[in-house]
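Asks:
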Amino acid sequence: MDRVAASNSPEGGETGGIVRLGMVSFLNTAPLYETWKRTVAVPRWRVTEAPPATLNRLLYAGELDLGLVSSHEYASHPEQYRILSGLAIAATGAVGSVFIFSHFPLEELDGRLLLLSSRSQTSVGLARILLENRWRVAPRYRVGDYQAEKAAGRVAELAAILSIGDEALRLAESDEFAYRFDLAEIWHQWTGLPFVFAIWAVREEFRRERPETVAAIHRELLRCQTEGLNDLPAICREVAPRIPLSEEACRRYLAGMNYDLNREQQAGLVRFFQLLIGRGEVPAAALPLKIEDHG
Numbered sequence: 004m005d006r007v008a009a010s011n012s013p014e015g016g017e018t019g020g021i022v023r024l025g026m027v028s029f030l031n032t033a034p035l036y037e038t039w040k041r042t043v044a045v046p047r048w049r050v051t052e053a054p055p056a057t058l059n060r061l062l063y064a065g066e067l068d069l070g071l072v073s074s075h076e077y078a079s080h081p082e083q084y085r086i087l088s089g090l091a092i093a094a095t096g097a098v099g100s101v102f103i104f105s106h107f108p109l110e111e112l113d114g115r116l117l118l119l120s121s122r123s124q125t126s127v128g129l130a131r132i133l134l135e136n137r138w139r140v141a142p143r144y145r146v147g148d149y150q151a152e153k154a155a156g157r158v159a160e161l162a163a164i165l166s167i168g169d170e171a172l173r174l175a176e177s178d179e180f181a182y183r184f185d186l187a188e189i190w191h192q193w194t195g196l197p198f199v200f201a202i203w204a205v206r207e208e209f210r211r212e213r214p215e216t217v218a219a220i221h222r223e224l225l226r227c228q229t230e231g232l233n234d235l236p237a238i239c240r241e242v243a244p245r246i247p248l249s250e251e252a253c254r255r256y257l258a259g260m261n262y263d264l265n266r267e268q269q270a271g272l273v274r275f276f277q278l279l280i281g282r283g284e285v286p287a288a289a290l291p292l293k294i295e296d297h298g
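If you read the sequence shown in our numbering, its first letter stands for residue 4, the second for the next number, and so on.
1. CB-CB under 7 Å to W261, same chain, minus the five flanking residues each way: which ones, in chain order?
2. In angstroms with no decimal places, state the Cα-to-Cα distance between A243 and D234.
3. Could you have a look at G147 and say whether DSSP puts it in helix, strand or coil?
4. Pop quiz: S74 and T125 are said to be a contact at Cβ under 8 Å. What is the actual Cβ separation, rounded to whole angstroms?
5. For my contact list, L58 and V101 are in at a C-beta cut-off of 8 Å; report their separation, rounded to the angstrom.
6. Going straight from the alpha carbon of A252 to that of G65, what length do you get?
7. Where does the unbroken beta strand (DSSP E) through I103 begin, and where does it stop?
8. Less than 7 Å separating the beta-carbons of A218 and Y84?
9. Pick from T229, E250, L292 and L69: whose alpha carbon is nearest that of A270?
10. Using a threshold of 7 Å, state whether the C-beta atoms of I167 and R122 are closer than that.
11. Nearest-angstrom Cα distance between R206 and L225?
12. Quick check on this structure: which residue in D148, L172 and Q192 has the alpha carbon closest to the alpha carbon of L117?
13. Under three-state DSSP, which class holds V22?
14. Which whole-angstrom value is the C-beta distance of R48 and L67, which I expect to be below 8 Å?
15. Go ahead and label E170 buried or exposed: buried means 16 or more other beta carbons lie within 10 angstroms of its beta carbon, across all protein chains shown.
16. Is the separation between the beta-carbon of Y77 and that of I202 shorter than 7 Å?
17. Under three-state DSSP, which class holds E52?
18. So L172 packs on L134, CB below 8 Å; how close in whole Å?
19. Counting only the same chain and skipping the five closest in sequence on each side, list residues whose C-beta sits under 6 Å from that of R274.
20. Buried or exposed: where does Q228 fall if 16 or more other Cβ atoms within 10 Å of its Cβ makes it buried?
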């Protein structure tokens, strides 16, 4: 695929300044992001690469115009954003990279200390819903970084940890914990629905001011996602050593993800938001979903 360059005028007749995009460089974003890095060369489209929680903060603060953010971030500030259609990080059943790793069964975590990842609002929200609403247990929570806790010699007091992304993939290959619980799998068993961890959101004022630019970027994101998913062996040859995983394990993991934000995934997102609204964690205006389509 030829690179999409500035001379191709991807934004049509619209002119404007720099566009600030946020990307997450986890393994599960590789089909889209690796293809983007290889095939998109529009100097005005500047990418900031960071964990989800950082991108959440930057997008809300207006330091990004659009980006891949936690679904919880959209629900927290629905007046600020519009969801871009056809783009998500989701799973129907086991996701393989969002776990509670524990020294005890889930039902024995009541009153015990659980370290929550500081890297994703959505995974924290999901973990608390499953523990408190589904399992009816109330652990003591601390937010932090597991590797920092290990370095400080504080892991002995932890009964369990919430781990996401590439760290979770690595821990799943280790024997540090007696139990591991895939949160997307538990969600699916409980609700019968997929779980949507992240969505692409654009700030409302940017969408109004630069509609052709938003449409052009949206189309490129969709193209990159499609091309990457159609070439998973090549993607995994590039990214699997970073974890490290075998190329086959990488391919199985990525092939098991849902990326298209279809109606069933939207229903899972609605159910998650309903639970968050019921817990008083996000405003009722999180529903109905506001989805922008440039397909």
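The beta carbon of each residue, even a glycine, is placed where N, CA and C say it ideally should be.
Replies: Quick answer:
1. First, the amino acid is wrong: residue 261 is Asn here, not Trp. Only A91, A93, A94, T95, P197 and Q268 meet the Cβ criterion.
2. 14 Å
3. strand
4. 5 Å
5. Not quite, the Cβ-Cβ distance comes to about 17 Å (not below 8 Å), so this is no contact.
6. 38 Å
7. V101 to S105
8. no
9. L292
10. yes
11. 18 Å
12. D148
13. strand
14. The sequence shown places Trp at residue 48, not Arg. That pair is no contact at about 12 Å.
15. buried
16. yes
17. strand
18. Rounded, the Cβ-Cβ distance is 22 Å, inconsistent with contact.
19. T194 and L196
20. buried
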